[in-house]
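This report concerns only the one structure given below.
In our numbering, the protein residues as written are 2 to 392.
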């Protein structure tokens with residue numbers, strides 16, 4: 002991780018702190034005429050969250066001790082709550098601008114008492130709603146649901162009927178998700194009796210030496226054809242080549258711009274994988290290349306591509322892939338991120354059709370940042386290839 006992103010992150014954090022402090026003073030201290038000590042409490046919470054985000058970068062084993070782990074979790078929960086409060090402040094500011102515009106256009110007399118009453122109720126409603134969303138989102142973050150997806154097969158490939166891939170994506174083992182979460186995933190995945198398991202990137206948020214013990218349960222994955230792994234953008238923040246080597250040594254098959262021939266019902270098909278698209282900046286020798294991943298595959302064979310980002314579909318469909326399995330978006334992981342994600346990715350979640358190619362976008366098995374999945378479930382995708390007339 003270079004120093005420039007850290008500096009940018011620090012500057013953004015300082016600007017965010019100033020913005021929130023200004024709004025807390027205006028919408029809480031001044032409006033409700035409460036003590037300025039509330040601002041000092043906010044300062045403490047903000048520094049508390051920033052401290053644990055910084056200290057996690059040290060990747061020291063003492064962070065896994067119970068007191069530190071509890072405080073680390075608490076800092077991420079509070080960070081999620083602060084994010085929701087920030088959204089409330091942004092909405093209040095937009096309303097203020099809207100009101101100011103119409104006030105200039107139609108300067109009618111204002112009932113100051115009524116305005117203050119309305120402001121107080123609006124602020125309290127925003128805080129209460131943020132608290133509710135934070136609580137519901139937290140409760141929804143740690144138990145991924147099994148989602149069954151049927152991918153249609155043409156008559157040409159009907160012999161692959163019943164092929165089952167269990168896809169995990171965006172697990173994000175790191176500061177908050179640990180070994181017990183991995184154990185739960187292994188139990189759920191193995192119970193589905195998959196033909197193969199695909200991990201489509203962002204498996205971790207940390208270095209190999211720091212997280213390898215947390216991932217030991219993954220050695221117990223069971224499937225007929227094995228476990229296959231590709232990198233996501235987060236692996237490149239923590240030395241992706243070391244994680245690829247870890248996956249190989251742990252019995253997984255990394256598919257970094259390559260393919261492998263497999264068989265189901267005595268019918269051959271090909272599973273391919275590409276590195277994440279961010280690799281073009283961070284690991285040019287392994288830059289994402291669907292064409293290279295498809296090299297050598299017979300034209301008539303059924304081809305499945307593992308690609309972390311849905312936007313890989315633009316190149317994948319041109320080199321003959323029939324199905325692409327992706328992640329990265331977390332299904333938006335809740336409002337307003339779902340709107341932001343839709344601006345940079347062609348598909349956000351679920352099964353989509355891109356120029357005749359199936360694109361399944363996984364909503365994520367874990368979460369990144371604050372444990373908050375409001376109205377967007379985490380998932381384990383049970384993907385079953387189904388010929389016409391079968392379901």
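In this text, a Cβ means the ideal position worked out from N, Cα and C, and glycines have one as well.
Keep in mind that this is a model prediction, so the values were computed, not measured.
Collapsed DSSP secondary structure at residue i in the structure displayed
i: residue 204; result: coil
i: residue 187; result: helix
i: residue 232; result: coil
i: residue 257; result: coil
i: residue 380; result: strand
i: residue 14; result: helix
i: residue 52; result: helix
i: residue 66; result: coil
i: residue 308; result: coil
i: residue 353; result: strand
i: residue 215; result: coil
i: residue 139; result: helix
i: residue 330; result: coil
i: residue 179; result: coil
i: residue 387; result: strand
i: residue 198; result: strand
i: residue 262; result: strand
i: residue 172; result: coil
Residues near residue i in its chain [Cβ-Cβ closer than 6 Å; skip 5 each side]
i: residue 180; result: 215
i: residue 1; result: Residue 1 lies beyond the stretch modelled for the chain, which goes from 2 to 392, so this question has no answer here.
i: residue 141; result: 374
i: residue 1; result: Outside the shown range of the chain (2 to 392) lies residue 1, about which nothing can therefore be said.
i: residue 47; result: 18
i: residue 369; result: 173
i: residue 342; result: 330, 333 and 349
i: residue 79; result: 46 and 50
i: residue 184; result: 218
i: residue 346; result: 311, 312 and 330
i: residue 308; result: 275, 325 and 327
i: residue 288; result: 280 and 281
i: residue 115; result: none
i: residue 193; result: 167 and 383
Top-ranked residue by Cα proximity to residue i, from the options
i: residue 191; options: 49, 165 and 67; result: 165
i: residue 313; options: 30, 116 and 281; result: 281
i: residue 276; options: 315, 300 and 203; result: 203
i: residue 332; options: 292, 299, 379 and 286; result: 379
i: residue 50; options: 73, 238 and 302; result: 73
i: residue 162; options: 226, 270 and 43; result: 270
i: residue 97; options: 117, 82 and 81; result: 117
i: residue 11; options: 45, 55 and 217; result: 55
i: residue 93; options: 385, 24 and 288; result: 24
i: residue 82; options: 290, 307 and 134; result: 134
i: residue 301; options: 324, 158, 13 and 222; result: 158
i: residue 283; options: 296, 257, 317 and 241; result: 241
Cut-off 8 Å between Cβ atoms - residues of its own chain near residue i, not counting five sequence neighbours on either side
i: residue 29; result: 35, 39 and 124
i: residue 128; result: 86 and 89
i: residue 131; result: 82, 85, 86, 88 and 89
i: residue 69; result: 63
Buried/exposed call for residue i, threshold 16 Cβ in 10 Å
i: residue 58; result: exposed
i: residue 383; result: buried
i: residue 91; result: exposed
i: residue 41; result: exposed
i: residue 350; result: buried
i: residue 198; result: buried
i: residue 286; result: exposed
i: residue 8; result: exposed
i: residue 103; result: exposed
i: residue 319; result: exposed
i: residue 147; result: exposed
i: residue 236; result: buried
i: residue 328; result: buried
i: residue 273; result: buried
i: residue 304; result: buried
i: residue 365; result: buried
Continuous alpha helix (DSSP H) stretch holding residue i: start and end
i: residue 300; result: No alpha helix (DSSP H) contains residue 300, which DSSP labels as neither H nor E.
i: residue 281; result: 280–283
i: residue 288; result: No alpha helix (DSSP H) holds residue 288; DSSP gives it neither H nor E.
i: residue 320; result: Looking at the DSSP string, residue 320 is not in any alpha helix (DSSP H), and its letter there is neither H nor E.
i: residue 250; result: 241–250
Opening and closing residue of the beta strand (DSSP E) in which residue i lies
i: residue 348; result: First-last for residue 348: undefined, no H or E at that position.
i: residue 359; result: 358–362
i: residue 147; result: 146–154
i: residue 315; result: No beta strand (DSSP E) holds residue 315; the alpha helix (DSSP H) holding it covers 314–317.
i: residue 167; result: 165–169
i: residue 269; result: 268–274
Same chain, Cβ closer than 7 Å to residue i, neighbours up to 5 away in sequence not counted
i: residue 168; result: 199, 201, 326, 363, 382 and 384
i: residue 207; result: 60, 175 and 239
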